[in-house]
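Residue numbers (our numbering): 1013 to 1104. Down below is the structure, laid out as structure tokens.
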């Protein structure tokens, strides 16, 4: 996953249906150029710091966090002005 740091022009990334558990660690390597991100069907849980890193993806248009173990959604998602599609179904 560390290789993602070396892809500054990456626009779309599908990491769905894996066994990722830590959103904070994952978001720390994601390039800010991402517009479409699928993290659905993992085992993600999150801290406030993890959500802050997620909300640093200012170019994100589509975000899928469905089918994880998230217990809340961060207020900072409302600050992502380009976000058009947000999927949070089937969490806790």
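Heads up, the beta-carbon is just placed ideally off N, CA and C, and yes, glycines get one too. It should be emphasised that the depicted structure is a prediction, and the values quoted were computed from it without experimental measurement.
Range covered by the beta strand (DSSP E) that runs through residue i
{"i": "residue 1099", "result": "1097 to 1099"}
{"i": "residue 1049", "result": "1048 to 1050"}
{"i": "residue 1075", "result": "1074 to 1076"}
Neighbourhood of residue i by C-beta distance below 6 Å, restricted to the same chain and skipping five residues each side
{"i": "residue 1073", "result": "1047, 1094 and 1096"}
{"i": "residue 1035", "result": "1056, 1058 and 1062"}
{"i": "residue 1013", "result": "1041"}
Buried versus exposed, by CB contacts within 10 Å (16 or more), residue i
{"i": "residue 1076", "result": "buried"}
{"i": "residue 1090", "result": "exposed"}
{"i": "residue 1079", "result": "buried"}
Chain-order list of residues whose beta-carbon lies under 7 Å from that of residue i (same chain, five-residue window excluded)
{"i": "residue 1019", "result": "1043"}
{"i": "residue 1039", "result": "1062, 1065 and 1066"}
{"i": "residue 1024", "result": "1047 and 1048"}
CA nearest to the CA of residue i, picked from the options
{"i": "residue 1026", "options": "1036, 1059 and 1054", "result": "1054"}
{"i": "residue 1062", "options": "1037, 1069, 1098 and 1041", "result": "1037"}
{"i": "residue 1099", "options": "1032, 1031, 1051 and 1029", "result": "1051"}
Close beta carbons around residue i, own chain, < 8 Å, minus the five adjacent residues each side
{"i": "residue 1022", "result": "1016, 1043, 1045 and 1046"}
Host alpha helix (DSSP H) of residue i (start-end)
{"i": "residue 1036", "result": "1035 to 1039"}
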